[in-house]
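J.:
Numbering (our numbering), first residue to last: 1 to 192.
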């Protein structure tokens, strides 16, 4: 009788432990899915559907870049970046390739000034950006890919529009904390 009670108690404790372990893993996945949004799905797909491998990668990104403090921009820097983006959009009409090259460089410069990793490692920069701007980082990747690939004009235009979302998010942060009012720059230039 005592042996049966001990066995039942051990099985109950093991079942409770398994429940909490599985529940914790599911919440971790939901937390990462919520934090990274479409980036979560992209990483899972890149890992061939292996959610554990994808979650390890995303968890590593959070460990490496989660404590990064975005530096504020001065109003002068905001104006300088806004003017550069407007020039890149205007350039799109004559040379989509050069416009994307400028937009790619501009996002690298702006992210570096905001405190994201600099250097030539695009993947490290986009990994860091994905931790803080997961909803918009794909636009940066699209610009970078379209610039280096065989994208047609429409794909380049769409990449520039998507990249603008990250630009706006990076530009908006900082000392004023308000959304920067340059949406009109997208319209009327063949990029909306």
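A virtual CB, placed ideally from N, CA and C, is assigned to each residue, including glycine.
Return helix, strand or coil for residue 76, following the three-state DSSP convention.
T.: Helix at residue 76.
J.: Is DSSP giving residue 71 helix, strand or coil here?
T.: Reduced to three states, the DSSP call for residue 71 is coil.
J.: Classify residue 88 as buried or exposed, calling it buried when 16 or more other Cβ atoms lie within 10 Å of its own Cβ.
T.: Buried, because 16 or more other Cβ atoms sit within 10 Å of the Cβ of residue 88.
J.: Note down the Cα distance separating residue 154 from residue 112, rounded to an integer number of angstroms.
T.: Computed Cα separation, rounded: 29 Å.
J.: Inspect the beta-carbon positions of residue 57 and residue 130 and report whether they are closer than 8 Å.
T.: Not a contact, by the Cβ cut-off of 8 Å.
J.: Using a threshold of 8 Å, state whether the C-beta atoms of residue 166 and residue 144 are closer than that.
T.: Contact: no.
J.: Cα separation between residue 24 and residue 71?
T.: Because the pLDDT of residue 24 is 45, which lies under 50, any placement of that residue in the model is unreliable, and the number read from its coordinates should be weighed accordingly. Going from the Cα of residue 24 to the Cα of residue 71 covers about 34 Å.
J.: Just reading off the alpha helix (DSSP H) that residue 146 is part of, what are its end residues?
T.: Note, residue 146: alpha helix (DSSP H), 137-148.
J.: Mind checking residue 147: buried by the 16 CB within 10 Å criterion, or exposed?
T.: Flag for residue 147 reads buried.
J.: Tell whether a beta-carbon distance below 8 Å holds between residue 96 and residue 142.
T.: Against a cut-off of 8 Å, the Cβ pair of residue 142 and residue 96 comes out as no contact.
J.: Assign residue 102 to buried or exposed, taking buried as 16 or more other Cβ atoms, counted over all protein chains shown, within 10 Å of its Cβ.
T.: Per the 10 Å Cβ criterion, buried.
J.: How many angstroms separate the CA atom of residue 158 from the CA atom of residue 164?
T.: Taking the straight line joining both Cα atoms gives about 10 Å.
J.: If I measure Cβ to Cβ from residue 115 and keep anything under 7 Å in the same chain, skipping five residues before and after, which residues do I get?
T.: So the qualifying residues of the chain are 68, 69, 70, 71.
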